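A quick write-up on the structure given underneath.
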Amino acid sequence: MSRTVVLAAAITLALAACSGKESSGQESTTVPEKTAPAPAADAASNPLLTASTLPFQAPPFDKIKDADYLPAFEEGMRQHLADIHKIADNPEAPTFDNTIEAMERGGETLTRVSRIFFGLVQADTSDARQKIQEEIAPKLAAHQDQINLDPKLFARVKTIYDQRDTLNLDPEQKRLVERDYEELVRAGAQLSDADKDSLRKLNVEETTLSTQFHTRLVAASAAGAVVVDDKAKLDGLSEGDIAAAADAAKARKLDGKYLLSLQNTTQQPVLASLKNRELRAEVLKASETRAEKGDANDTRQTIQRLAQLRAQKAKLLGFDNYAAYSLGNQMAKTPDAALKLLTDTVPAATAKARREAAEIQKVIDAQNGGFKL
1 MSRTVVLAAA ITLALAACSG KESSGQESTT VPEKTAPAPA ADAASNPLLT
51 ASTLPFQAPP FDKIKDADYL PAFEEGMRQH LADIHKIADN PEAPTFDNTI
101 EAMERGGETL TRVSRIFFGL VQADTSDARQ KIQEEIAPKL AAHQDQINLD
151 PKLFARVKTI YDQRDTLNLD PEQKRLVERD YEELVRAGAQ LSDADKDSLR
201 KLNVEETTLS TQFHTRLVAA SAAGAVVVDD KAKLDGLSEG DIAAAADAAK
251 ARKLDGKYLL SLQNTTQQPV LASLKNRELR AEVLKASETR AEKGDANDTR
301 QTIQRLAQLR AQKAKLLGFD NYAAYSLGNQ MAKTPDAALK LLTDTVPAAT
351 AKARREAAEI QKVIDAQNGG FKL
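The numbering of the sequence shown is full-length UniProt numbering, which starts it at 1 and goes up by one.
Given below as structure tokens:
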């Protein structure tokens with residue numbers, strides 16, 4: 001199984017950008033414990049446990065129930081760990097086929113369940129699915145750490161990595177070896193036993209808070225929708241958009257009113273069409289402060305704690321800060337390079353902004369707006 005799938009899954013849960021094996025966990029032991037396997041879920045009654053027969057293996061959503069996801073995740077993790085233990089315990093000398101390729105092929109069920117579930121919650125979330133997400137996130141983090149921090153697995157990957165120039169690998173195979181090794185190192189495979197335990201604790205808290213952030217942001221976006229009493233204030237919107245706003249209000253038992261829902265985007269699409277300046281300002285403020293109201297959906301303390309956890313994680317892994325850690329496997333490589341890329345655009349961006357501001361001022365003046373930008 002591609003480690004990226006599990007990670008992307010865990011952080012669809014979040015702010016966090018995952019890549020490769022940089023996930024999390026909470027085990028207190030250094031070597032994954034090979035406990036008795038949990039009872040296998042019933043593939044006959046759980047459509048997530050078998051490959052779809054639909055075109056392009058499209059998920060059979062007409063057969064999948066929310067109650068199917070947690071058992072499918074548990075079974076997928078059980079199968080994936082069995083695949084990994086088989087690789088780590090292989091008495092044969094490590095080769096590309098029996099280690100690197102085997103790792104890629106492992107965890108088929110977990111890959112399928114993760115893609116379906118996390119794709120679904122991005123497009124069509126619900127209270128029930130958010131609860132599943134909150135429960136499974138730390139489990140996935142711990143699962144990935146069981147793999148990332150397994151010393152026997154890392155030893156096999158390192159052996160192949162050290163010999164990569166003499167193994168007659170094609171360019172794709174060689175790059176895969178390098179990627180797997182680098183990702184394991186970035187995930188903490190070379191840490192001491194004590195530091196691995198510390199990393200597990202940091203990772204599981206980070207994943208839990210990332211999921212919490214996502215849940216609160218969804219709730220804050222719903223609660224922050226702007227209620228409009230007067231249809232005239234919606235001047236500029238299409239009749240279809242106005243009808244949709246009326247339907248949204250009716251769904252919340254606000255008959256006769258209009259509801260402008262907040263989108264999870266940098267700017268709200270309705271701002272480009274609304275002609276009422278006061279309403280535009282209200283929508284903008286609602287968008288910018290949706291999760292800063294001091295209520296149950298306020299995310300500021302969560303963000304602060306996430307920043308602290310990531311700083312601690314970066315230090316533990318030998319980096320000056322989280323920016324250095326997160327950019328280490330990206331094109332920029334260093335925070336200084338990333339900042340230079342941004343600052344180099346400042347003169348051109350500033351000049352462009354001034355030209356656009358002048359054009360906007362002309363429109364304001366032509367409409368007798370009576371104010372300056």
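Ideal Cβ positions, reconstructed from N, Cα and C, are used throughout, including at glycine.
In this text the structure is predicted, and so the values were computed from the model without any measurement.
Residue i to residue j span [Cα, whole Å]
i, j, result
"I100", "D89", "14 Å"
"D145", "Q304", "24 Å"
"I160", "K174", "10 Å"
"P138", "E108", "20 Å"
"A225", "Y258", "10 Å"
"E278", "T53", "53 Å"
"P151", "A189", "7 Å"
"A337", "F213", "30 Å"
"L271", "A155", "56 Å"
"D229", "T299", "29 Å"
"V363", "A243", "29 Å"
"Q361", "A232", "25 Å"
"R280", "E135", "38 Å"
"A366", "E359", "11 Å"
"I64", "L262", "29 Å"
"L237", "L169", "59 Å"
"L191", "R164", "23 Å"
"T350", "Q301", "33 Å"
"D344", "P269", "30 Å"
"R354", "Q267", "20 Å"
"K196", "A220", "36 Å"
"K285", "F371", "19 Å"
Identified DSSP bridge partners for residue i
i, result
"V228", "Y258"
"D235", "L237"
Residue burial classification, residue i (beta-carbon count within 10 angstroms, cutoff 16)
i, result
"D193", "exposed"
"E292", "exposed"
"D320", "exposed"
"P94", "buried"
"G106", "buried"
"N46", "buried"
"M331", "exposed"
"G240", "exposed"
"S287", "buried"
"L176", "buried"
"L274", "buried"
"E92", "exposed"
"T12", "With a pLDDT of only 44 at T12, under the threshold of 50, the placement of this residue in the model should not be trusted; the figure read from the coordinates follows. Per the 10 Å Cβ criterion, buried."
"D295", "exposed"
Check whether residue i and residue j have beta carbons under 9 Å apart
i, j, result
"A187", "L140", "no"
"I132", "L70", "yes"
"L317", "V283", "no"
"F56", "S114", "no"
"L167", "F118", "no"
"S210", "L120", "no"
"V218", "T125", "yes"
"A357", "L373", "yes"
"N329", "E182", "yes"
"L327", "K333", "yes"
"V227", "L199", "no"
"I215", "Q122", "Here residue 215 turns out to be Thr, not Ile, going by the sequence shown. No."
"A249", "G256", "yes"
"A51", "R112", "yes"
Distance between beta carbons of residue j and residue i, contact taken as under 8 Å
i, j, result
"N297", "A223", "6 Å"
"Q110", "H80", "Here residue 110 is Leu; the residue named in the question, Gln, does not match the sequence. Indeed they touch by this definition, with Cβ atoms about 5 Å apart."
"N276", "D235", "6 Å"
"L153", "I84", "6 Å"
"A87", "M77", "Inspection of the sequence shows that residue 87 is occupied by Ile rather than by Ala. So it is not a contact: roughly 16 Å between Cβ atoms."
"D180", "V204", "That pair is no contact at about 23 Å."
"A314", "A324", "7 Å"
"L309", "E206", "5 Å"
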